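Residue numbers (this note's numbering), protein chains in the order written: chain A, 2 to 314; chain B, 6 to 262.
Glycine included, C-beta positions come from ideal geometry on N, C-alpha and C.
Please read all numbers here as calculations on a predicted model, not as lab measurements.
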Amino acid sequence: MSSGMVRRSGLTMPVNNPRFVQKAWTRGCDFIILDLEDSVPPAEKAHARTLVREAIDMVAKGGAEVWVRINHHLVLEDLEASVWPGLKRINYPKAETAREIWLVDRIISRLEKERGIPSGHVEIGANVETALGVANALEIAAASPRITDFGGGGGYDMSRDLGVEMFVDFNQFVYGSGELELAARVAGLEVHSTPYMPNPSGSVSDGDHAFRVAEATRKLGFRMGGGLHPNVVEPQNRGLTPTAEEVEVARRVLEMYEKVSASGRAWAAVEGTVVDWYEARRARDLLEWAELCEGRDREKEETAARAMGADNG
Amino acid sequence: MGLVHLRGGNLPSPKRRSWLLVPPFEEAVDEALGHGPDVLVIDMVELVLPEANAEAVKRLPGVVERALEADGVEVFLQVNVNQMAEELEAGIQLGVSGIVIPRLEWKAQVRQADAVLSRLEERQGISAGSLQVVASLDTALGNHRAMELIQTSPRVWGISPGRVDLVMDLRPGPDGEFHLLPFLMQRLIIAAGAAGVTPLGAWWRPPARGLMASPKDTYEAAIRGKALGFRGAFCILGEQAKALNRGFDGQGWEEGG
């Protein structure tokens, strides 16, 4: 199920790194994650919290959505510091139970009310990164209407929880990612998934690899990206946006399907391609997605131009 | 309470290697029979447009009768989960072995099928409980609930992912597999093993699509599927039936089936 949101590229950065934060809006991301978790040392967390409110406005200048990743064990303090107008989402790491999500939801609800944010505006990203989280996948996915997408099941924290190597030449997370995706689909959420593509070097700045993953992700029908290095932003935006050729093919499929169904047949092979209800559904999805991407790119461009003008003026 | 083994999992199963879906037309049945499937599945779901369903229901008794005239092939009906009663009333006759229900998601749907089949068995003098059900778990919810759906009725003889690649929109991935399918197949086979029912399916790989594939690709899907734990599979083109028979028998490939 599509959320209708365009979230092809995102950068995660420590909120206490002013160099990263100040430049973030120029990167062209669909979303930016201000991190209070792993990239902020424990001794600096209190100071980092004081920076979030101002950073939200700063990184949003290019039209990106702003998310904050909080700490699993510092929920109240981090949410108090993060839920301000301009915030779109809280990423809650190492989610393990529905009750945790419920608690995060309640605190966000209070803060929305206190701070003049429309009720229900702030989403929750439930990051499942442990075996227990996988075991409770569906309960977590269904725990709050603030959760709009769900998936994952791999990554550094999961590999640490399972006691396995992170960078290997096979997919060590088949079961966990499968359970999370199934839960997302059952709960009617957008699936957040990428195909397994070996990256034994572990490079997070390889734009070519990022493009290949993004393109393969799009071809599976998924739409979400995200990364750690500015080099991957443009490749992700490009790789997750349908090409002009794909748009043309989708239009043609819909035309062919209209003819096939008008003739009373459930399917037909047309020009070497099977045309049926399923292909028509995929074609409609692709056209809708292409339109959303185009709108999002325009919106970011206009927002960034305004910010540039304001800075120069 | 822990899971219990519900059925006689070690009892010999009927030979049901190839399950060929055919649209509800007598000529389609005649053509399909020439391909030697073990099971002919007269399909009211995938091969019938929704707007053509009413006409198909009218034709169904004659089509089933035609299929039952043939020797050496079992006949199942594939019915729409939301209009089972009407389609089963029209299609169940003495000699039909059972039904396939795609998009099965709720225990109440299994109970409804059970009730309708019981009524028809009584009315038509068919042994009580003999009509079997194959649950085609081709949606996310159906897959998630596999165990509880199987355990709802002793009529459930088998489960299958059906055309899950299309229903759940699972597309070819860079590893040459349909995304998520290896996970779903294993999950389903484990549920079948735990509940003592028969897992039906083949390990399809692109360019196969919605059970459609060349005979050679079908044969290879059967070989892989058998190795994974499946005991027979659905197909949609007549020429695939022999390939499934050979694959599930462990015979070598022969061009032309």
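Given this structure, state the Cα-to-Cα distance separating Ser-83/A from Pro-146/A, to the nearest angstrom. For this step, residue 83/A is matched to residue 82 along the first sequence. For this step, residue 146/A is matched to residue 145 along the first sequence. If you take the alpha carbons of Ser-83/A and Pro-146/A, they lie about 19 Å apart.
Looking at chain B, is there any beta carbon in it that lies within less than 9 Å of the beta carbon of Pro-231/A? Working through the first sequence from its first residue, we reach residue 231/A at position 230. Not one chain B Cβ lies under 9 Å of Pro-231/A.
Could you please give me the residues that DSSP links to Trp-268/A through a beta bridge? Stepping through the first sequence from its first residue, residue 268/A is reached at position 267. Trp-268/A is bridged to Asp-277/A.
C-alpha gap between Val-9/B and Ala-200/B, whole angstroms: Position 4 of the second sequence holds residue 9/B. Position 195 of the second sequence holds residue 200/B. The predicted position of Val-9/B is uncertain, since its pLDDT is 45 and thus under 50; a value taken from the coordinates is nonetheless stated next. The straight-line gap from Cα to Cα measures roughly 7 Å.
Tell me which residues share the same chain as Pro-196/A and place their Cβ nearer than 8 Å to its Cβ, disregarding the 5 neighbours each side in the sequence. Start at 1 with the first residue of the first sequence, and residue 196/A comes out as number 195. The beta carbon of Pro-196/A sits closer than 8 Å to those of Val-214, Ala-217, Thr-218, Leu-221, all from its chain and outside the five residues before and after it, given in chain order.
What does the alpha-carbon distance come out to for the pair Gly-155/A and Phe-223/A? Working through the first sequence from its first residue, we reach residue 155/A at position 154. Working through the first sequence from its first residue, we reach residue 223/A at position 222. Looking at the backbone, the Cα of Gly-155/A and that of Phe-223/A are separated by about 16 Å.
At 3 residues or longer, and completely inside the region 27–98 of chain B: list those beta strand (DSSP E) runs for me, N to C. Qualifying beta strand (DSSP E) stretches, in chain order: 44–48, 79–83.
Chain B contact residues for Pro-328/A, given Cβ-Cβ distances below 9 Å: Look at the range of chain A in this structure, 2 to 314, and you will see that residue 328/A is not part of it.
Opposing strand residues paired with Met-14/A [DSSP bridges]: For the purposes of this step, residue 14/A is taken as the residue at position 13 of the first sequence. According to DSSP, Met-14/A bridges with Leu-35/A.
According to the neighbour-count rule (16 or more other Cβ atoms, all chains shown, within 10 Å of its Cβ), is Glu-225/B buried or exposed? Indexing the second sequence from 1 puts residue 225/B at position 220. Flag for Glu-225/B reads buried.
Enumerate in chain order the residues of its own chain whose CB-to-CB distance from Asp-162/A is below 7 Å, with the five nearest sequence positions on each side excluded. Your numbering for residue 162/A matches position 161 in the first sequence. Non-local C-beta neighbours of Asp-162/A in its own chain, meaning closer than 7 Å and more than five positions away in sequence, comprise Glu-130, Thr-131, Ala-132, ordered along the chain.
Reduced DSSP secondary structure (H/G/I, E/B, other) of Cys-30/A: As a position in the first sequence, residue 30/A is number 29, starting the count at 1. Cys-30/A falls in the coil class under three-state DSSP.
How many Å lie between Gly-179/A and Trp-68/A at the Cα? Here residue 179/A corresponds to residue number 178 of the first sequence, with the count starting at 1. Here residue 68/A corresponds to residue number 67 of the first sequence, with the count starting at 1. When the Cα atoms are used, Gly-179/A and Trp-68/A turn out to be separated by approximately 26 Å.
Report yes or no: is there a C-beta of chain B within less than 9 Å of the C-beta of Leu-241/A? Sequence index remark: in the first sequence, residue 241/A carries index 240 (1-based). No, Leu-241/A does not count as interfacial toward chain B.
Hey, Lys-112/B and Glu-51/B are a contact pair by Cβ (cut 8 Å); roughly how many whole angstroms apart? Looking up residue 112/B in the second sequence gives position 107. Looking up residue 51/B in the second sequence gives position 46. Contact between Lys-112/B and Glu-51/B does not hold, since their C-beta atoms are separated by about 24 Å, which reaches or exceeds 8 Å.
7 Å CB neighbourhood of Gly-7/B in its chain, flanking five on each side removed: Counting from one through the second sequence, the residue named residue 7/B turns up at place 2. Any reading at Gly-7/B must be qualified, since the residue scores a pLDDT of 48, below 50, and its modelled position is unreliable; the value itself is stated next. So the list is empty, once near-sequence residues are dropped.
According to DSSP, simplified to helix, strand and coil, what is Lys-89/A? Mapped onto the first sequence, residue 89/A falls at position 88. Note: Lys-89/A maps to strand in three-state DSSP.
Cβ-Cβ separation, Ala-44/A to Ile-102/A (assumed contact under 8 Å), whole Å: Here residue 102/A refers to the residue found at position 101 when the first sequence is read from its first residue. Here residue 44/A refers to the residue found at position 43 when the first sequence is read from its first residue. Contact doesn't hold; Cβ gap of about 29 Å is too wide.
Out of Lys-260/A, Lys-89/A, Tyr-176/A, state which residue places its alpha-carbon closest to the alpha-carbon of Ile-148/A. Your numbering for residue 148/A matches position 147 in the first sequence. Cα-wise, what sits closest to Ile-148/A is Lys-89/A.
Considering Arg-70/A, what are the terminal residues of the beta strand (DSSP E) in which it resides? For the purposes of this step, residue 70/A is taken as the residue at position 69 of the first sequence. Residue range 66–70 is occupied by the beta strand (DSSP E) that includes Arg-70/A.
I'd like the span of the alpha helix (DSSP H) that includes Glu-249/A, first residue to last. For this step, residue 249/A is matched to residue 248 along the first sequence. In the DSSP assignment, Glu-249/A falls within the alpha helix (DSSP H) that extends over 245–263.
For Ser-40/A, count the other beta carbons within 10 Å of its own beta carbon; 16 or more makes it buried, fewer makes it exposed. Which is it? As a first step, residue 40/A must be located in the first sequence, where it is residue number 39. Here Ser-40/A is buried. Its C-beta has 16 or more other C-beta atoms within 10 Å.
For the region 101–118 of chain B against the region 142–153 of chain B, are there 3 or more C-beta pairs whose distance is under 8 Å? The region 101–118 of chain B, when compared against the region 142–153 of chain B, does touch it at the 8 Å Cβ threshold.
What's the gap between the Cα of Gly-178/B and the Cα of Gly-67/B? As a first step, residue 178/B must be located in the second sequence, where it is residue number 173. As a first step, residue 67/B must be located in the second sequence, where it is residue number 62. Distance between Gly-178/B and Gly-67/B, taken at the CA atoms: about 43 Å.
Can you tell me which of the three DSSP states Ser-23/B falls into? For this step, residue 23/B is matched to residue 18 along the second sequence. In the three-state scheme derived from DSSP, where H, G and I count as helix and E and B as strand, Ser-23/B is classed as strand.
In three-state DSSP terms, what is Ala-1/A? With chain A represented from 2 up to 314, any question about residue 1/A goes unanswered, as that position is not in the structure.
Could you name the residues of the same chain whose beta carbon sits closer than 6 Å to that of Leu-11/B, not counting the 5 residues immediately before and after it, in chain order? If you number the second sequence from 1, residue 11/B lands on position 6. Any reading at Leu-11/B is ruled out, since the residue's pLDDT is 45, under 50, leaving its predicted position unreliable.
Hey, which unbroken runs of the alpha helix (DSSP H) at 4 residues or more fall wholly within the region 202–227 of chain A? As far as the region 202–227 of chain A is concerned, its whole alpha helix (DSSP H) runs of at least 4 residues are 208–220.
Might you give, ordered along the chain, the residues of its own chain that have their beta carbon closer than 7 Å to the beta carbon of Ala-284/A, omitting 5 neighbours on each side? The residue labelled residue 284/A in the question sits at position 283 within the first sequence. Counting only Cβ-Cβ distances below 7 Å, and skipping sequence neighbours, we find Ala-251, Val-254, Leu-255.
In terms of alpha-carbon separation, which member of Thr-27/A, Ile-33/A, Pro-15/A lies closest to Arg-8/A? If you number the first sequence from 1, residue 8/A lands on position 7. Arg-8/A has its Cα closest to that of Ile-33/A, out of Thr-27/A, Ile-33/A, Pro-15/A.
Proximity test, Cβ basis, 9 Å: Tyr-279/A and chain B: The count along the first sequence starts at 1 and reaches residue 279/A at position 278. For Tyr-279/A, the answer is yes, since a Cβ of chain B falls inside 9 Å of its Cβ.
Sequence-distant residues of the same chain with beta carbon closer than 8 Å to Gln-98/B, five excluded per side: Position 93 of the second sequence, counted from the start, is the residue given in the question as residue 98/B. Pro-66, Val-69, Glu-70, Leu-73, Gln-129.
For Trp-85/A, is the beta carbon positioned less than 8 Å from some heavy atom of the ligand NAP? Absent from the structure shown: the ligand NAP. Ligands present: none.
Applying the 10 Å Cβ sphere with the 16-neighbour rule, what's the burial state of Pro-236/A? By one-based count along the first sequence, residue 236/A stands at place 235. Around the beta carbon of Pro-236/A, a 10 Å sphere encloses 16 or more other beta carbons of the protein chains shown; the residue is thus reported as buried.
Checking the sheet assignment: what are the DSSP bridge partners for Ala-127/A? Translated into positions along the first sequence, residue 127/A becomes position 126. Ala-127/A has Tyr-93/A as its beta-bridge partners, per DSSP.
Alpha carbon to alpha carbon, how far is Gln-245/B from Val-105/B? For the purposes of this step, residue 245/B is taken as the residue at position 240 of the second sequence. For the purposes of this step, residue 105/B is taken as the residue at position 100 of the second sequence. If you take the alpha carbons of Gln-245/B and Val-105/B, they lie about 19 Å apart.
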